[in-house]
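*Asks:*
Residue numbers (the working numbering), protein chains in the order written: chain A, 1 to 81; chain B, 82 to 343.
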């Protein structure tokens, strides 16, 4: 069962925001899905010693900045808990 | 040798008078010496009695005084112990009430899943059922607001109690900063809750006005997504400040608690 971690924000290149839940099954891999607009944006991300990285999702390239933004919010949320 | 005087009466009379005289004088001297000694002893006895009486009276008054002092000290000590116990309880209550409120804000569950599964279960959902979910969601959010207001009220009381015992500028400054951060946290939370209530209300109105159920829920989910993302951001910022002030608060209160045991 997916565990809700937080609702995250991603600033898109056009200046708009994508917002949506970040969920996880195992606290290793996290899924962000945009639910704040009609844009079909979702991706999986994981963290290693080098930082957050894209670990799955649509075949289109997801900018690293999206991963970094969501990753940073996950870090903050997990520390805050 | 002439011994005729031995039969002379006068001679024996003189001897008898001399003996009697001697005995009388001796008795008189003895009586004088005896009565003088006896008198001395009696006087000493009387003096000792008087002194004993004074000493006993002093002892009694000293015992009463000692008991009075002991009783007064015991009362003061007991009062001080109660006062310190009350202050200790006030410190612990305030710290506890503060964290109960912070956790109440932090753990506030704004996601009621009333619209989350719509896409997956669209065939099973009816307008009436969705309206019932939304009404439940509204009820829970309003209840949460009420519970948080109660927690805030309890914390305010514990703060007054603490300041009654421990009104120090350093503590007052930290509490002032903490209260500002808590007020900001509360504003962010209540703003989010009110926006969610607004979303539920608007969605219900749309459904009642025969707007497509799917469209109404998609709109609601989108708006809610933004509200929740803002809430998580605000929550993190508020918590950062609150943690900073609660750390200082903890130090001050801990020091005070330690000083109460000395």
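We put the beta carbon where it would ideally sit given N, CA and C, even for glycine.
Is the CB of residue 6 of chain A under 8 Å away from at least one CB in chain B?
*Replies:* In the first chain, counting from the first residue as 1, residue 6 of chain A sits at position 6. Answer yes: the Cβ-Cβ gap between residue 6 of chain A and chain B drops below 8 Å somewhere.
*Asks:* Cα-Cα, which of A/27, A/14 and A/39 is closest to residue 303 of chain B?
*Replies:* Stepping through the second chain from its first residue, residue 303 of chain B is reached at position 222. The candidate whose alpha carbon is nearest that of residue 303 of chain B is A/39.
*Asks:* Please classify residue 60 of chain A as buried or exposed, where buried requires at least 16 neighbouring CB atoms within 10 angstroms.
*Replies:* Position 60 of the first chain, counting from 1, holds the residue named residue 60 of chain A. Residue 60 of chain A is exposed by the Cβ-count criterion.
*Asks:* Exposed or buried, which one is residue 36 of chain A when buried takes at least 16 other CB atoms within 10 Å?
*Replies:* For the purposes of this step, residue 36 of chain A is taken as residue 36 along the first chain, with counting starting at 1. Buried is the call here.
*Asks:* Exposed or buried, residue 73 of chain A, counting other C-beta atoms within 10 Å across all chains shown (16 or more means buried)?
*Replies:* Within the first chain, residue 73 of chain A is the residue found at index 73, counting from 1. With 16 or more other Cβ atoms within 10 Å, it is buried.
*Asks:* Taking the straight line between their C-alpha atoms, what separation do you get for residue 246 of chain B and residue 166 of chain B?
*Replies:* Sequence index remark: in the second chain, residue 246 of chain B carries index 165 (1-based). Sequence index remark: in the second chain, residue 166 of chain B carries index 85 (1-based). The straight-line gap from Cα to Cα measures roughly 11 Å.
*Asks:* Residue 80 of chain A touches chain B at which residues, Cβ-Cβ below 7 Å?
*Replies:* Here residue 80 of chain A refers to the residue found at position 80 of the first chain. Result: 317 and 320.
*Asks:* State the DSSP-derived secondary structure class of residue 305 of chain B, mapped to helix, strand or coil.
*Replies:* Reading the second chain from its first residue, position 224 is the one you call residue 305 of chain B. Correct three-state label for residue 305 of chain B: helix.
*Asks:* Tell me which same chain residues have a C-beta within less than 8 Å of the C-beta of residue 220 of chain B, skipping the five on either side of it?
*Replies:* Working through the second chain from its first residue, we reach residue 220 of chain B at position 139. Nothing listed; no residue qualifies.
*Asks:* To the nearest angstrom, how far is it from the Cα of residue 105 of chain B to the Cα of residue 123 of chain B?
*Replies:* Stepping through the second chain from its first residue, residue 105 of chain B is reached at position 24. Stepping through the second chain from its first residue, residue 123 of chain B is reached at position 42. Taking the straight line joining both Cα atoms gives about 26 Å.
*Asks:* Flag this pair as touching only if the stretch 257-272 of chain B and the stretch 311-319 of chain B have three or more C-beta atom pairs under 8 Å; answer yes or no.
*Replies:* Yes, the stretch 257-272 of chain B is in contact with the stretch 311-319 of chain B.
*Asks:* First and last residue of the alpha helix (DSSP H) that includes residue 21 of chain A?
*Replies:* Working through the first chain from its first residue, we reach residue 21 of chain A at position 21. Not the alpha helix (DSSP H): residue 21 of chain A falls in the beta strand (DSSP E), residues 17-24.
*Asks:* What residues in its chain sit with their C-beta under 8 Å from that of residue 201 of chain B, if we drop five residues either side in the sequence?
*Replies:* Stepping through the second chain from its first residue, residue 201 of chain B is reached at position 120. Only weak support is given to the placement of residue 201 of chain B: the predicted model assigns it a pLDDT of 49, under 50, and the value that follows is read from those uncertain coordinates. None.
*Asks:* Of all the residues that make up the stretch 301-316 of chain B, which are near chain A by a beta-carbon distance shorter than 9 Å?
*Replies:* The residues in question are 302, 303, 304, 305, 306, 307, 308, 309, 310, 311, 312, 313, 314 and 316.
*Asks:* Are any of the Cβ atoms in chain B nearer than 8 Å to that of residue 77 of chain A?
*Replies:* What you label residue 77 of chain A is simply residue 77 of the first chain in a count that begins at 1. Closer than 8 Å to some Cβ of chain B, the Cβ of residue 77 of chain A qualifies, so yes.
*Asks:* Just to confirm before moving on: does the CB-CB distance between residue 41 of chain A and residue 55 of chain A stay below 8 Å?
*Replies:* As a working note, residue 41 of chain A is residue 41 in the first chain. As a working note, residue 55 of chain A is residue 55 in the first chain. Cβ distance not < 8 Å, so residue 41 of chain A and residue 55 of chain A don't count as in contact.
*Asks:* Would you verify that the beta carbon of residue 55 of chain B is, or is not, closer than 8 Å to some beta carbon of chain A?
*Replies:* The requested residue 55 of chain B is not part of the displayed model; chain B covers only 82 to 343.
*Asks:* Any idea what DSSP makes of residue 137 of chain B, helix, strand or coil?
*Replies:* In the second chain, residue 137 of chain B corresponds to position 56, counting from 1. DSSP places residue 137 of chain B in helix when its eight states are reduced to three.
*Asks:* Determine, using beta carbons only, whether residue 47 of chain A comes closer than 8 Å to chain B.
*Replies:* Working through the first chain from its first residue, we reach residue 47 of chain A at position 47. Not one chain B Cβ lies under 8 Å of residue 47 of chain A.
*Asks:* Where does the unbroken beta strand (DSSP E) through residue 192 of chain B begin, and where does it stop?
*Replies:* Position 111 of the second chain, counted from the first residue, corresponds to residue 192 of chain B. Note, residue 192 of chain B: premise wrong, no beta strand (DSSP E); not H, not E.
*Asks:* Less than 8 Å between the C-beta atoms of residue 333 of chain B and residue 238 of chain B, yes or no?
*Replies:* Residue numbering aside, residue 333 of chain B sits at position 252 when the second chain is read from its first letter. Residue numbering aside, residue 238 of chain B sits at position 157 when the second chain is read from its first letter. No, the pair does not count as a contact, with Cβ atoms beyond the cut-off.
*Asks:* I want to verify the contact list: residues of chain B whose CB lies under 8 Å from the CB of residue 16 of chain A, in sequence order.
*Replies:* The residue given as residue 16 of chain A occupies position 16 in the first chain. Those do not exist, as residue 16 of chain A stays about 11 Å from chain B at its closest Cβ, beyond 8 Å.
*Asks:* Looking only at its chain, what residues have a beta carbon closer than 7 Å to the beta carbon of residue 95 of chain B, apart from the 5 residues adjacent to it on each side?
*Replies:* Numbered from 1 along the second chain, position 14 holds the residue referred to as residue 95 of chain B. Result list for residue 95 of chain B: empty, nothing under 7 Å.
*Asks:* Check whether the Cβ atoms of residue 20 of chain A and residue 47 of chain A lie closer than 8 Å to each other.
*Replies:* For the purposes of this step, residue 20 of chain A is taken as residue 20 along the first chain, with counting starting at 1. For the purposes of this step, residue 47 of chain A is taken as residue 47 along the first chain, with counting starting at 1. No.
*Asks:* Helix or strand or just coil, what does DSSP make of residue 8 of chain A?
*Replies:* The residue given as residue 8 of chain A occupies position 8 in the first chain. Strand.
*Asks:* Count the other CB atoms, across all protein chains shown, that sit within 10 Å of the CB of residue 116 of chain B; report buried if there are 16 or more and exposed otherwise.
*Replies:* Working through the second chain from its first residue, we reach residue 116 of chain B at position 35. Burial call: exposed.
*Asks:* Does chain B have any CB closer than 8 Å to the CB of residue 35 of chain A?
*Replies:* By 1-based counting over the first chain, the position of residue 35 of chain A is 35. True, the Cβ-Cβ gap to chain B drops below 8 Å.
*Asks:* Can you tell me whether residue 44 of chain A is helix, strand or coil according to DSSP?
*Replies:* The residue you call residue 44 of chain A lines up with position 44 of the first chain. DSSP places residue 44 of chain A in strand when its eight states are reduced to three.
*Asks:* Tell me the residue span of the alpha helix (DSSP H) that contains residue 232 of chain B.
*Replies:* Here residue 232 of chain B is taken as the residue at index 151 of the second chain, counted from 1. Segment 208-246, the alpha helix (DSSP H) holding residue 232 of chain B.
*Asks:* Note down the Cα distance separating residue 76 of chain A from residue 289 of chain B, rounded to an integer number of angstroms.
*Replies:* Translated into the one-based positions of the first chain, residue 76 of chain A becomes position 76. Translated into the one-based positions of the second chain, residue 289 of chain B becomes position 208. Answer to the nearest angstrom: the Cα atoms are 41 Å apart.
*Asks:* For residue 305 of chain B, count the other beta carbons within 10 Å of its own beta carbon; 16 or more makes it buried, fewer makes it exposed. Which is it?
*Replies:* Taking the first residue of the second chain as position 1, residue 305 of chain B is located at position 224. Answer is buried; the Cβ neighbour count reaches 16.
*Asks:* Who are the neighbours of residue 20 of chain A on chain B, taking C-beta pairs under 8 Å?
*Replies:* Against the first chain, residue 20 of chain A aligns to sequence position 20. Ordered by position in chain B, the residues that pass the 8 Å Cβ test against residue 20 of chain A are 306 and 310.
*Asks:* I need the DSSP call for residue 96 of chain B, collapsed to helix, strand or coil.
*Replies:* Working through the second chain from its first residue, we reach residue 96 of chain B at position 15. In this structure, residue 96 of chain B counts as helix in the three-state DSSP scheme.
*Asks:* Is the stretch 213-229 of chain B in contact with the stretch 146-154 of chain B, if contact means three or more CB pairs nearer than 8 Å?
*Replies:* No: fewer than three Cβ pairs fall under 8 Å.
*Asks:* Quick one: using the 10 Å Cβ neighbour count with 16 as the cut-off for buried, is residue 98 of chain B buried or exposed?
*Replies:* Sequence index remark: in the second chain, residue 98 of chain B carries index 17 (1-based). So residue 98 of chain B counts as exposed.
*Asks:* Give every residue of the same chain whose Cβ lies closer than 6 Å to the Cβ of residue 280 of chain B, excluding the five residues on either side of it in the sequence, and list them in chain order.
*Replies:* Taking the first residue of the second chain as position 1, residue 280 of chain B is located at position 199. Excluding sequence neighbours, residue 280 of chain B sits near 301, 304 and 305.
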